[in-house]
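Residue numbers (the numbering used here): 545 to 886.
The beta-carbon is built from N, C-alpha and C at its ideal position, and this holds for glycine as well.
Just so we're clear, the structure is a prediction, and the values are computed from it rather than from any experiment.
Below: the structure, in structure tokens.
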């Protein structure tokens with residue numbers, strides 16, 4: 545059986561990544577592509593690397609005929625996404641890649657994103673899209689909220705450790721390096737080549753990054769009590785990839801064994817042999833996450849490192865993984881491509 549899908553926000557990086565992934569999917573067909581500023585253009589004009597694909601043109605959202613569309617990916621900015629999704633057919637399955645439905649508490653959403661949520665009922669309905677931990681809920685969901693890419697990286701490294709109690713949850717430091725595509729395709733002065741290349745810098749100092757809200761929500765849920773980690777992101781002059789390094793208090797071998805057991809049956813999460821470190825170059829363009837564990841020189845301290853591609857496993861690949869579950873397709877379909885190297 546072939547399912548028909550639409551992508552709203554098809555001209556952005558995550559939209560392009562969705563097109564790339566779905567192009568090789570045997571059970572999903574792209575029927576509509578919605579865009580704002582690029583409406584009226586072909587995919588070949590917007591993304592020449594996809595010119596070989598036979599795809600519909602990008603059109604305004606109002607021109608899309610939703611009859612026969614089984615699922616919609618919304619790759620839109622926060623705030624815009626909730627407004628658009630509120631107007632979509634109620635029987636339509638939706639995977640949202642924005643931040644609008646990730647936080648369950650409307651007050652928390654307003655705190656981190658600076659505006660009141662305009663679709664609170666749908667916010668309560670949404671299932672958090674970290675596939676490996678919400679698989680059953682996602683399978684039966686109508687609306688799935690994709691995670692933040694930074695939030696996904698940190699959770700893959702830390703979530704099983706918090707749940708098992710092998711680390712001190714009051715002493716967690718997460719230092720994260722993120723590639724520039726995570727900031728989106730819109731023109732920004734600080735992302736110009738001359739201002740970004742040949743260096744990297746910390747941003748959102750003092751745990752003011754919006755993905756911190758996801759860490760607060762999810763880690764506290766897992767622990768059954770309030771958990772607040774120390775988190776600092778950095779922007780690196782690379783196109784793709786996230787490398788998150790967590791510093792925790794806990795015995796390294798126990799930490800490694802816990803992660804190995806937690807992900808033993810997970811196709812897309814690979815825990816490396818003890819002492820090995822992952823690299824963003826080894827997961828580039830794939831839906832895989834690599835995790836490494838090493839003992840610190842300080843007794844009882846451990847270093848956990850996670851690497852994933854922010855556009856794939858951190859966003860569009862995760863979205864397709866969730867869509868597969870929602871449509872009753874094999875979860876790995878269209879996602880087993882090997883990473884790009886070099």
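Within the same chain, 675, 679, 682, 683, 875 come within 8 Å of residue 869 by CB-CB distance, once the 5 residues on both sides are set aside. Counting along the chain, residue 637 sits inside no alpha helix (DSSP H); it lies in the beta strand (DSSP E) bounded by residues 637 to 640.
In the structure shown, residue 752 adopts coil according to DSSP, grouped into three states.
Each of 630, 794, 857 was checked against the Cα of residue 826, and the nearest Cα belongs to 857. DSSP places residue 589 inside the alpha helix (DSSP H), whose first and last residues are 587 to 590. At the C-beta level, residue 588 and residue 640 stay beyond 7 Å of one another.
For a cut-off of 8 Å, the C-beta gap from residue 818 to residue 800 is around 5 Å, short enough to register as a contact. Within the DSSP bridge table, the entry for residue 577 names 551, 602 as partners. In terms of Cβ geometry, residue 729 and residue 784 do not form a close pair [threshold 7 Å]. Ranked by how close their Cα comes to the Cα of residue 779, the residues 808, 722, 602 have 722 in first place. With a 10 Å radius around the Cβ and a threshold of 16 neighbouring Cβ atoms, residue 696 comes out buried. In terms of CA proximity to residue 635, 612 leads the group 612, 646, 654. Between residue 854 and residue 618, the CB-CB gap reaches or exceeds 7 Å. Between residue 621 and residue 844, the alpha-carbon positions lie close to 42 Å from each other. For residue 559, the uninterrupted alpha helix (DSSP H) segment begins and ends at 557 to 566. Between the region 789 to 803 and the region 832 to 852, the count of C-beta pairs closer than 8 Å reaches three or more; the two stretches touch. Here the alpha carbons of residue 755 and residue 879 stand approximately 25 Å from one another. Between residue 579 and residue 630, the CB-CB gap reaches or exceeds 7 Å. Collapsing the DSSP output to three states places residue 714 in coil. Remark: C-beta atoms of residue 806 and residue 706 do not approach each other more closely than 7 Å.
By the 16-neighbour rule on beta-carbons within 10 angstroms, residue 757 is buried. Counting only runs that start and end inside the region 690 to 744, the alpha helix (DSSP H) elements of at least 4 residues fall at 693 to 708, 737 to 740.
Listed in chain order, the non-local C-beta contacts of residue 660 below 6 Å within the same chain comprise 654, local neighbours out to five positions each way being set aside.
Rounded to whole angstroms, the Cβ separation of residue 877 and residue 570 is 7 Å, and the two are in contact under 8 Å.
Secondary structure at residue 825: helix, using DSSP grouped into helix, strand and coil.
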